[in-house]
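A short write-up of the structure that comes next.
Protein chains: 2
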Amino acid sequence: MPEAAPAPAPAPGRQDRHRLPLRERKKLRTRQALIETALDLFTERGFDGATLDELCERVEVSKRTFFRYFTSKEDVAMAPTQDMWTALLEDLESVEPEGRTLLAVLQDVLLGALARMPDDGWARRVRLSHRLAERSPSMDAHGLHFCDRTGRAALDVLHRRFDLGGAADPRPRLALDLVIASFHWALHTWIARPGSPGRARLADDLRDAFAAVPGSLTLKPGPTTAR
Amino acid sequence: MPEAAPAPAPAPGRQDRHRLPLRERKKLRTRQALIETALDLFTERGFDGATLDELCERVEVSKRTFFRYFTSKEDVAMAPTQDMWTALLEDLESVEPEGRTLLAVLQDVLLGALARMPDDGWARRVRLSHRLAERSPSMDAHGLHFCDRTGRAALDVLHRRFDLGGAADPRPRLALDLVIASFHWALHTWIARPGSPGRARLADDLRDAFAAVPGSLTLKPGPTTAR
DNA sequence: CCATTTATGCCACTCAGTGGCACTTGCTTT
DNA sequence: AAAGCAAGTGCCACTGAGTGGCATAAATGG
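Just so you know, the sequences run in chain order Y and U. Residues in the first sequence are numbered from -10 upward in steps of one, following our numbering. Residues in the second sequence are numbered from -10 upward in steps of one, following our numbering.
In structure tokens:
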């Protein structure tokens, strides 16, 4: 049970990495090594089967140091997806609705954040990460919790910037959860695809989910013996 | 990280409690005592501030026994809500759509399960439980995970019983998540109400959320300076 | 090159959760 | 009523996640 998380400091874009001071670059490298090694290790032995001591030994870092980068064992394995949500949160600060519905705005921002993820293996990391989550309850729980927290933060930003019909109006929350649900479905579908499709394919699946949103309100169960 | 959960055996209805053999009644009493005491203890000292040893001492049960009833520390504090989701799952086995949309069916079943919760302090337990969850990340995560798992199980039941447009259709999943999101919003609103309103008030809040679903697709952000 | 700040290593500690075995207790059998 | 069975429980030792504290190493700024 982590008390207070330090600043997670997600990975910044590749291009400005050279500009950073030496100390920061070293930290980034350690963080990246921890993520990469953790994903491999957990995939090999299973999330519960691998211990933090093993991970720290491989990366040649003390356990104490690990917990200065990540708040928990689950946290390190979820880092790839979290980076995307964090990017989304940043974009919300500057987006302009321009007559679109809230739902459309959220959908576009999510697609935008997705498109901006690095191409250097991010897709592979996300895939490994979510395959692990499918098999480890605690990882899954951690991921859902992060989604939920970030979602609330996103709504706070929007409530601050726009008039969304009062704090007691459930509609913004429902719209957001619809987008999150779409994302989860897309991710699930994308993970299950043969081969190792990239970002673009995930974006396509996401668009499919978005397109199905209106129909989800009117879908009627067919007859009992339809198969 | 629990490996495999034993049968959680949620509390059965009050009326048939007398019919149970002595041994079963004793188990029920122990389970109930653990839940009740846990909620009080965690509320007093905070979820992280209280240890399982303290809880077991108060209930006069060994820690080993605690883990024969609940899979984790979080689990015991979430039991009240879980009972409702489990009831919902049972109801889904026998519901008939009768021309309604999937969304309407899910909404009605949820309201039905809610109405059937015991009146003996269930509302209070749920309130305590969710106040704790608001303040403890790990409890919140555990609750979200359970919701998600149960939701998937619910969809499995429906897919087995009805034709929902194929396994690759995102609409059923979106409809379900919409209902879950409605429930979360209702719960959040209900918890924040002054006094200690009962089940009925929660059902009202839930109906409000359901009514707002269509509007969540068309809501447009107002002008930046609307306040 | 030194002073300060910042990241890390090391060690001991708490507490959640598990495995194993002995023991009690409610229920059944004769 | 005594004996037998099996479910449920207690006790104890153990693993592993996560934290606190302090000493050390390394990067930065002057």
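Glycine is no exception: its CB is placed at the ideal position from the N, C-alpha and C atoms.
Give the straight-line distance between the Cα atoms of residue 79 (chain Y) and residue 203 (chain U), rounded to the nearest whole angstrom. 28 angstroms
Determine whether the Cβ of residue 204 (chain Y) lies closer than 7 angstroms to any Cβ atom of chain U. yes
Give, in chain order, every residue of the region 155 to 167 of chain U whose Cβ lies closer than 9 angstroms to some Cβ of chain Y. 157, 158, 159, 160, 161, 162, 163, 164, 165, 166, 167
Exposure label - residue 212 (chain U); buried when at least 16 CB within 10 Å: exposed
Verify the CB distance criterion: does residue 74 (chain U) have a CB-CB separation below 7 angstroms to chain Y? no
Under 7 angstroms between C-beta atoms, does residue 40 (chain Y) make it to chain U? no
Minimum Cβ-Cβ distance from residue 145 (chain Y) to chain U less than 7 angstroms: no
Counted within 10 angstroms of its Cβ, other Cβ atoms place residue 268 (chain U) as buried (16 or more) or exposed: In this structure chain U extends from -10 to 216, so residue 268 (chain U) is not present and cannot be described.
Distance, residue 197 (chain Y) Cα to residue 123 (chain U) Cα: 34 angstroms
If distances are taken between C-alpha atoms only, which option among U:89, U:145, U:72 comes closest to residue 107 (chain U)? U:72
Out of Y:12, Y:148, Y:114, which has the shortest C-alpha to C-alpha gap to residue 187 (chain Y)? Y:114
So, at 7 angstroms on beta carbons, what are the nonlocal neighbours of residue 63 (chain U) in its own chain, with the 5 sequence-adjacent residues on each side left out? 127, 128, 131
Identify the continuous alpha helix (DSSP H) that holds residue 29 (chain Y) and give its terminal residues. 11 to 34
Under 7 angstroms between C-beta atoms of residue 143 (chain Y) and residue 81 (chain Y): yes
Could you confirm whether any beta carbon from chain U is found closer than 7 angstroms to the beta carbon of residue 211 (chain Y)? yes
Nearest candidate by alpha-carbon position, reference residue 99 (chain U), set U:70, U:151, U:116: U:70
By the 10 Å Cβ neighbour count, where 16 or more other Cβ atoms means buried, how is residue 27 (chain U) classified, buried or exposed? buried
Secondary structure at residue 101 (chain U), three-state DSSP: helix, strand or coil? helix
Residue 107 (chain U) touches chain Y at which residues, Cβ-Cβ below 7 angstroms? Correct list: empty, because the minimum Cβ distance to chain Y is about 27 angstroms.
Tell me the rounded alpha-carbon separation between residue 55 (chain Y) and residue 152 (chain Y). 42 angstroms
Distance, residue 171 (chain Y) Cα to residue 13 (chain Y) Cα: 36 angstroms
Residues near residue 65 (chain Y) in its chain [Cβ-Cβ closer than 7 angstroms; skip 5 each side]: 23, 24, 27, 59
Short check: CB of residue 207 (chain U) to CB of residue 207 (chain Y), under 7 angstroms? no
What span of residues does the alpha helix (DSSP H) with residue 52 (chain Y) cover, start to end? 52 to 58
If we cut at 7 angstroms on Cβ distances, does residue 174 (chain U) have a partner in chain Y? yes
From residue 74 (chain U) to residue 39 (chain Y), what does the alpha carbon distance come to, in whole angstroms? 33 angstroms
Opening and closing residue of the alpha helix (DSSP H) in which residue 135 (chain Y) lies: 126 to 150
Nearest-angstrom Cα separation, counted from residue 104 (chain Y) out to residue 4 (chain Y): Below a pLDDT of 50, predicted positions are generally treated as unreliable, and residue 4 (chain Y), at 46, falls in that range; no measurement from the model is reported.
Taking C-beta pairs closer than 7 angstroms, name the residues in chain U that residue 129 (chain Y) reaches, listed in chain order. 134
Taking only three categories from DSSP, how would you classify residue 43 (chain Y)? helix
Comparing C-alpha positions only, which one of Y:191, Y:15, Y:101 sits nearest to residue 116 (chain Y)? Y:191
Partners in chain Y for residue 90 (chain U), counting only beta-carbon separations shorter than 8 angstroms: 206, 207, 208, 209
Is it true that the CB of residue 160 (chain U) sits closer than 7 angstroms to the CB of residue 201 (chain Y)? yes
The alpha helix (DSSP H) with residue 72 (chain Y) in it runs from where to where? 62 to 81
Could you tell me whether the Cβ of residue -2 (chain Y) comes closer than 7 angstroms to any Cβ of chain U? Because residue -2 (chain Y) sits at a pLDDT of 48, beneath the cut-off of 50, its placement in the model cannot be relied upon, and the following sentence gives the value as read from the coordinates. So no, residue -2 (chain Y) is outside the interface.
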